């Protein structure tokens, strides 16, 4: 009952645009927002840990796979027989340097993502209200 | 003297009596146009005193008692009754009885007579939907509403894809559903509604009709109105229907043919020894011959539907209600969908001023998810038996007893069916109270509060089993999702209708609505459940380390102000204008609101004086409309910068970390679609032939797209994608409907033909030059580019087969370079379109279009005495399908099973085939791994959606009760040249995670659940 009354009253108030903005203000619940972050020492440390995670990220294909694959452009590794498609590595195995191919493109993309993470920490930690 | 006195005495009573009796004269005319009506019967009620109007519509009736009632009646007109008062001249206007014109059409926030419509709106009556038995009312609407493309998917509870008048956004094609004035949240599956409860469905096709719904109306609006009661004796309807569904079995190879194909692939590559080595299986001396389709897929799957409806009421109180049950089983041993619905709609008239009512609609649904195993069943190795040898059986875990495929990596379909274990229960309730206040005639205030609440619990259990190192699950996992949705909508409208000086008809409406859609959910899963016992299939029983626990609340809210003016002069010249201002919580504060105006005009030419002379055209209306509508189908957090988890492990210790997870665009605003519509409605030959034609153009601006950004920026989203308003799409099309109804003595017939066509063109994707979709072996099938139609296939042109080495050598560029040096006889020849001596990406071109050139719906209704026949047909022409599955089914790629004729059809010598390439394990020419016209087929089809014969038992046996028996076939036959299982299902794509279809990726056949053929027996009883 109380809820219905609340709705009716906010509805009546809504007829004046001003207080409608509260009703339409819906932050995402359950997830932290960058705009309100970096308030405690713990939060800053967590962001730093996130920067370290950007060294290899949480899976094999972003950074690790290209590192191994780059050796194919040398005579240390050959691309072998596999029933899976080889198109991802074909040009690299022929000593090319095609930036558009998946693994190379992933490598650069994720390195830049790591740089952004570090920049965020560098920009925000000095202003954080910590000792 | 005495004689005179007696005479006087006698005369006085006569005189007195004569004072009460009068002679009434007058003229009877037609209400529409004032034409005099000849032959109208005028009777003084309660007696036999009567007369008939003459050629000029004039009548004279004498000896009419003052205070009695005169009744004016004539066939084709509504009878009028007038009380005789002081006036002795009574002129009467009679209203046309013709159903067509008096029909009332539901529009946004109101109703309007069909003859007064100025926009493009199509009505489908509930009775027309009833002939098809289905759990989803939209499926029954297929082909009946022109301009609405309904494409069905066959699984139990599946939602069909709906496109109204073309595609102008990549962010979802679903229209807005409004049920009894309450808009549903986006992505709603309308199967929660009992089809038998529906009185009518109105499709608002152009913006001048849908702009009153502003937000989310850019894909069109479908208004659904449920049955209401009416005063009189309570009416009951009972409908029952029982059916059997079947799917045509494809002709797959048996074990012997499979073996030939399997070995030939190596032999053709010069590896005879490898063929024998790879075919042999250690420890197996004889192979089986399993028909996987017969084993896994049931010939018959049952469907049943029962419904009891009732309506009735008195002057003050009217009600309408129903109880219904529907169930559809899948063709597998697991998988079904069941729904029980109840409804009670009431309306109470307190007095002439206040009226109130409430609708209750509770429901309970439950289902077991249907496994999608049609592909696996067709690919599985027929030489593998269903079960492993009996001596190896496990007593404790029967899931281990299935045989691992001998010759490929497919998982045993019988095992997959046995393990399928995902069940959902959903309880829902819709409540819709309203109050209508009419303080003075013509001024109505209405407030309505609609609530749609539902609660769903889904339990999924993945059992522990071991069939092979590559076909196992080491740890049993239990998962539970608990989702509550509570949506409410509060709508207030003030409506004023008034006629000035008889000719000026005005209706003004102003409104204010508030709505909120909320989802409260919790998900928990954990592995390490100790066994597969039914009693332990719950998260609490799990003991493992892999735990996922998440849950939150999600809200979307809207505030809207709306207004509309409808004016017509003498029911001949019409003007309607509306405006709506919406605010949404999905956009940053600066851009929350957007305004959506619309205007439309109509001219009822048939009401003009010069049109009254002829009687060929009985109704002619020309209308034009323009409007703007909006679309907000993006994630609610698109404008926010959010943090995600990023834990780091160092020196064996785990450090909790966070990092930026999403960058938001705080300039986001609404996507706007603007459209223009021109239409004509004509009725000929006494309303026996109705023709409606429309032509339209819809264009979106500021379309919301996930635009890729430079990698240097390091945005956390894939390829730096950020929601941006920077796209544009356009849909242009036309629609023509013809309806002919007539009768010849005892034979009644009705024929309806709907033709429509639309072209969807992408105008602008911002700085993105193309959107590629439909992955196929490291390439993409579909390329969407600005300036081109969407969902077109882009690939190489397959130009026949090389029959011998000479042909390979002569396939050169102008300079004599051999284009395909690695090809062998039997491989596909690809065209070098730009003649540059190399076959590469520059030789690709558009090889097909997933969207049709023409869509046809044909609806027939015949009646002869007690028999009736209903038939609906639907078809699309000019659309192509990329049959990706065809490759494997003819090539045996990765050891999968093939069609029975694959061995014979494949090229095996000069002249044996110019279409199917040779079998090859290595496939060095990439015959089966290249996006080419080899896979593109004509997807045109014309399908008999329904053939139903009904017989109504003669009245002399059933007295007051109407009993009708019927036999029907749904999807009876299909005329198509497409080689796959179902051209209808293949023309739409797989569903995304949220259940919606991606229109940019249409027309790729990945063997999804086809639409089954269903045979039904039904009974309808009205009493």
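Protein chains in written order, with UniProt numbering: chain A, 1 to 131; chain B, 1 to 1023.
Just so you know, even glycine gets a beta-carbon here, dropped at the ideal spot from N, CA and C.
Here the structure is a predicted model, which is why all the values come from computation and not from measurement.
Per DSSP, residue 363 of chain B forms a beta bridge with which residues? B:341 and B:428
According to DSSP, what are the bridge partners of residue 468 of chain B? B:471
Does the beta carbon of residue 116 of chain A come closer than 8 Å to any beta carbon on chain B? yes
Residues that residue 89 of chain B bridges to, as DSSP identifies them: B:25
At a Cβ threshold of 8 Å, is residue 69 of chain A touching chain B? no
For residue 100 of chain B, I'd like the list of residues in its chain whose CB is within less than 6 Å of its CB, leaving aside the five on either flank, ordered along the chain. Because residue 100 of chain B sits at a pLDDT of 43, beneath the cut-off of 50, its placement in the model cannot be relied upon, and the following sentence gives the value as read from the coordinates. Counting only Cβ-Cβ distances below 6 Å, and skipping sequence neighbours, we find 687.
Please report whether the beta-carbon of residue 63 of chain A lies at a distance below 8 Å from any beta-carbon of chain B. no
Selection from B:158, B:228, B:230 and B:253 that minimises the alpha carbon distance to residue 1027 of chain B: Since the first residue shown for chain B is 1 and the last is 1023, residue 1027 of chain B is missing from the structure and cannot be characterised.
Which of the residues in the stretch 222 to 235 of chain B, read from start to end, lie with their CB under 7 Å from any CB of chain A? none
For residue 1026 of chain B and residue 762 of chain B, which I take to be in contact (beta-carbon distance under 8 Å), what is that distance rounded to the nearest angstrom? Not covered by the structure: residue 1026 of chain B. The range shown for chain B is 1 to 1023.
If you draw a straight line from the alpha carbon of residue 22 of chain A to that of residue 128 of chain A, how long is it in whole angstroms? 29 Å
Quick one: which residues of the stretch 103 to 131 of chain A get their C-beta closer than 7 Å to a C-beta of chain B? List them in chain order. 108, 109, 112, 113, 115, 116, 117 and 120
Contact list for the stretch 258 to 284 of chain B against chain A, Cβ threshold 7 Å: none
So residue 311 of chain B and residue 229 of chain B are supposed to be a Cβ contact under 8 Å. How far apart are they, rounded? 5 Å
Could you check what DSSP says for residue 121 of chain A in three-state terms: helix, strand or coil? helix
Would you give the residue range spanned by the alpha helix (DSSP H) that residue 377 of chain B belongs to? 374 to 379
Which residues in the same chain have their Cβ closer than 6 Å to the Cβ of residue 375 of chain B, if we skip the five residues on either side of it in sequence? 1007
Once DSSP output is grouped into helix, strand and coil, what is the label at residue 934 of chain B? helix
Run the CB neighbour count on residue 128 of chain B, radius 10 Å, all protein chains shown included, and call it buried at 16 or more, exposed below. buried
Alpha carbon to alpha carbon, how far is residue 988 of chain B from residue 159 of chain B? 12 Å
Does the beta-carbon distance from residue 26 of chain A to residue 756 of chain B come in below 8 Å? no
What separation, rounded to the nearest whole angstrom, lies between the Cα atoms of residue 146 of chain B and residue 166 of chain B? 12 Å
Mark residue 58 of chain A as exposed unless 16 or more other C-beta atoms lie within 10 angstroms of its C-beta, in which case mark it buried. exposed
Looking at residue 487 of chain B: is its Cβ nearer than 8 Å to the Cβ of residue 517 of chain B? yes
Can you give me the Cβ contacts of residue 140 of chain B inside the same chain, cut-off strictly under 7 Å, excluding the 5 residues immediately before and after it? 129, 132, 134 and 195
Tell me the rounded alpha-carbon separation between residue 928 of chain B and residue 846 of chain B. 18 Å
Is it true that the CB of residue 153 of chain B sits closer than 8 Å to the CB of residue 874 of chain B? no
Name, in chain order, the residues that DSSP records as bridge partners for residue 199 of chain B. Answer is none; residue 199 of chain B lacks a bridge partner.
Which of the three DSSP states, helix, strand or coil, is assigned to residue 591 of chain B? helix
Could you tell me whether the Cβ of residue 41 of chain A comes closer than 8 Å to any Cβ of chain B? no
Can you list, in chain order, the residues of its chain whose CB lies under 6 Å from that of residue 519 of chain B, leaving out five sequence neighbours each side? 485 and 554
For chain A, find out if any of its Cβ atoms is closer than 8 Å to the Cβ of residue 821 of chain B; answer yes or no. no
Could you tell me whether the Cβ atoms of residue 1023 of chain B and residue 961 of chain B are closer together than 8 Å? yes
In chain order, what residues of the stretch 547 to 579 of chain B put their CB closer than 9 Å to some CB of chain A? 550, 551, 552, 553, 554, 555, 556, 557, 558, 559 and 561
Grab the span of the beta strand (DSSP E) containing residue 1015 of chain B for me, first residue to last. 1013 to 1022
Alpha carbon to alpha carbon, how far is residue 192 of chain B from residue 149 of chain B? 21 Å
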